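**Q** First the structure, which I've put down as structure tokens, then a few questions once you've had a look.
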Amino acid sequence: MASPTAAANAYASLSRMMETAAGAGRTSSASSSDPSGASFGALLKDTLNSVMESGRKSDVQTVAMAKGKANVMDVVTAVAETDVAVSTLVSVRDKVIQAYEDIMKMPI
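Counting the sequence shown from 1 gives a position; this note's numbering is that position plus 136.
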């Protein structure tokens, strides 16, 4: 079971990802015909790239520590950030699947 702290950290991480994606969407929406900002696909792509970058950062820190060139605290922080990002992504995925299943159950 997730602790309230982990849930708060996951929410904060998702909030930062959304703000980053929205900021990127604002700069590209000027040339786009979509007046509402970034599309869902672009938002999803940016979020996935953010999670992937977090994983890469964690891997780099882990390798640097194995070589004796990194601080243990930096490695733990990078791994924890990656864990929160992946947990957030999985939670959002589960909610999207649940919403899709609810829509499919609706009578026409």
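Glycine residues also receive a C-beta, built at the ideal position from the N, C-alpha and C atoms. Source: prediction; values computed, not measured.
With a 10 Å radius around its C-beta and 16 neighbouring C-beta atoms as the bar for buried, classify ASP210 as buried or exposed.
**A** Start at 1 with the first residue of the sequence shown, and residue 210 comes out as number 74. With fewer than 16 Cβ atoms within 10 Å of its Cβ, ASP210 is classed as exposed.
**Q** With distances taken Cα to Cα, identify the nearest neighbour of SER190 among ALA174, LEU225, MET201, ALA178.
**A** Reading the sequence shown from its first residue, position 54 is the one you call residue 190. Here the closest residue by C-alpha is LEU225.
**Q** I'd like to know whether the C-beta atoms of ALA221 and VAL196 end up nearer to each other than 8 Å.
**A** Counting from 1 along the sequence shown, the entry for residue 221 is found at position 85. Counting from 1 along the sequence shown, the entry for residue 196 is found at position 60. Contact flag unset, no.
**Q** In terms of residue numbering, what span does the alpha helix (DSSP H) encompassing LYS241 cover?
**A** By one-based count along the sequence shown, residue 241 stands at place 105. Start and end: 208–241.
**Q** With DSSP collapsed to three states, give me the class of ALA174.
**A** Here residue 174 refers to the residue found at position 38 when the sequence shown is read from its first residue. ALA174: coil per DSSP, three-state reduction.
**Q** Grouping DSSP H, G and I as helix and E and B as strand, with all else coil, what is LYS205?
**A** The residue you call residue 205 lines up with position 69 of the sequence shown. If DSSP states are grouped into helix, strand and coil, LYS205 belongs with coil.
**Q** SER194 and ALA214 - do their beta-carbons sit closer together than 8 Å?
**A** Residue numbering aside, residue 214 sits at position 78 when the sequence shown is read from its first letter. Residue numbering aside, residue 194 sits at position 58 when the sequence shown is read from its first letter. Their beta carbons are under 8 Å apart, which means ALA214 touches SER194 by this criterion.
**Q** Pick from GLU237, TYR236, VAL228, GLN234: whose alpha carbon is nearest that of LEU179?
**A** Here residue 179 refers to the residue found at position 43 when the sequence shown is read from its first residue. Out of GLU237, TYR236, VAL228, GLN234, VAL228 has the C-alpha closest to the C-alpha of LEU179.
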